[in-house]
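Numbering (UniProt numbering), first residue to last: 1 to 472.
Just so you know, even glycine gets a beta-carbon here, dropped at the ideal spot from N, CA and C.
So the structure is just underneath, and the comments pick up after that.
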C-alpha cells in the first residue's frame, strides 16, 4: 500500500494552499532565463564602449549564453528527475545569481563572456524544473490555469527584457550603467531562493535514467567548435585555430550522434533519443524549427540600429521594441481561432507574417522612414506569437505520447541552438556591413541586410512547416 509520502506529488497537493505561492517562485525561474537573453541587447553598445570590446565579443555575449543554454537544457531536466526538482531548481538559481554577479562586476570582455557562459548553464539547470514541478504539484483541474500563467511569463520576459534593459542603462542607477542589467538579478534571487525552500515541494522520478554526461560534453564541444569560429573568424582574419575548430566541429557532432545511437542500443538513456527522429515528418519539422528561430538576432541588430543608426538613447531603443512585444502577447490569444481556420498551416501563416514584417522593416531602414517601423514590428511579434505554440505542437504531435516531454526538450534545445548559430552568422553579416565605428548609413544598411537574411530563413521555415500533400 502506498503511503502519503510515496504518492505522486500531484495526488497530495489538492488541499495544499502553498502551491500557488510555489507557482510564483517557479515562475521567477521561468522568467529569468529569457529575460537575460533579451535584456542585454540594448546594453551592448554601452558594454562595448566601457570594456573596449570588439564586435565579435559583442556577439559572444549573446550567442555564448544561448549556446550554453541549448547544450545543457536537456541535461538540466534529467538532473531534476534524478536528484529532485526543488533541490536542482534552488542550485540552478543560486548559480545563476553567482554568474550574474560575475557579469555585473566583470573588469573585461573576456570575464563577461565567461560569466555569460555560466549564466547559460545555470539557466538550463534552473528552467526545466519549473515546468516539471508545475506538472507534479498541481492537480488536473488546476493544471491548465497554471500552465497558461507559465506561457504568459515567457511572453512577458520577451516583452520586458528589451525595455527594462533600456531603462536600466539610461537611468544609470547608482552609477552602475550597463552593469545593472545583470546585478538586478541578485535581489530577485535573494528573495526567491528562501521562498523556494519554504514553499516549493520536492518531486522526482522514482526511476530516473542516468545522466548522459559524455553525450552532453560531445555536443557542447561540437557546438562551441562551430559557433566560436563563425563569430571570431571574420574579425581575426580567419587564423588557423578558427579554421581548425570549424573543421573539427563536423566530426565532433558526428561522434556525438554515433555515441547516442550506441547508448540507445545498449538500453541506456541518451541525451537525444536517435529513434525519436525516425519519422521523416519530425526531422522536417525540427529543421523548420531551427530556421524559424533565426529571428533571435533581430533584437541585437535592432538595438544597435536604434542607437547607432537613428541616434536614439538606450531607453528609446528599449521602448521601440514594444510593438513586437504587443504582437507577441496577442499572437497566442489568436492561435486557437486561427488554428480552427488554417489547421496545420497555422505555423506557416505566423512565419509568413514575420517574413512580411522583416521585409517591411528592411525597406523602411533602407529608405530611411523609421516613423513607420511600429507596423512591421507588430507584424513580427504577432507572427512569432502565432507560430511559436504551433511549431512546438507540430513537433510534439508527431511522437508517441510517452516521449512528449523529451520531444519538447528537443524542440527547446533546437530553438536555443538556432539562436546561438543565427546570432553568429546573421550577426556576422550585420557587423560586416556595419563594422565598429561605422556611420549611420552603414548601420542602416547592416540592419536591412540582416532583416533580409532573417526573412529568407523564416521563408524557408514556413515552406518546411506546411503539411506535405499525400500522394494518391
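Secondary structure of residue i, DSSP reduced to three states
i, result
"residue 267", "coil"
"residue 84", "coil"
"residue 204", "coil"
"residue 18", "coil"
"residue 278", "coil"
"residue 184", "coil"
"residue 5", "The pLDDT assigned to residue 5 is 35, lower than 50, so where the model puts this residue is not dependable, and the model offers no usable value."
"residue 363", "helix"
"residue 178", "helix"
"residue 272", "coil"
"residue 172", "coil"
"residue 52", "coil"
"residue 422", "helix"
"residue 397", "coil"
"residue 39", "coil"
Exposure label - residue i; buried when at least 16 CB within 10 Å
i, result
"residue 340", "exposed"
"residue 14", "In this prediction, residue 14 scores a pLDDT of 45, lower than 50, which makes its location untrustworthy; the coordinate-derived value is nonetheless stated afterwards. So residue 14 counts as exposed."
"residue 110", "exposed"
"residue 457", "buried"
"residue 174", "exposed"
"residue 225", "buried"
"residue 56", "buried"
"residue 323", "buried"
"residue 59", "buried"
"residue 368", "exposed"
Reference residue i; option with closest CA among the options
i, options, result
"residue 108", "54, 145, 96", "54"
"residue 309", "442, 103, 357", "442"
"residue 295", "39, 200, 357, 105", "357"
"residue 89", "125, 171, 444, 243", "125"
"residue 333", "149, 101, 130", "149"
"residue 419", "38, 145, 448", "38"
"residue 328", "337, 411, 385, 72", "385"
"residue 64", "102, 82, 362, 117", "117"
"residue 185", "330, 336, 467, 165", "165"
"residue 115", "97, 128, 129, 127", "97"
Own chain partners of residue i with C-beta closer than 7 Å, once the 5 adjacent residues on each side are dropped
i, result
"residue 132", "77, 80, 85"
"residue 220", "71"
Residues of its chain near residue i, where Cβ-Cβ distance is below 6 Å and the 5 sequence neighbours each way are ignored
i, result
"residue 462", "348, 351, 352"
"residue 104", "179, 182, 183"
"residue 360", "376"
"residue 434", "442, 443, 446"
"residue 362", "448, 451, 452"
"residue 495", "This structure gives no information on residue 495, because the portion of the chain shown stretches from 1 to 472."
"residue 288", "461, 464, 465"
"residue 161", "35, 38, 39"
"residue 440", "309"
Other residues of its chain near residue i: CB distance less than 8 Å, five sequence neighbours each side excluded
i, result
"residue 283", "277"
Query raised in the report: Which parts of the region 310-341 are runs of the alpha helix (DSSP H), unbroken and 4 residues or longer, counting only runs that do not cross its ends?
Result: 314-320
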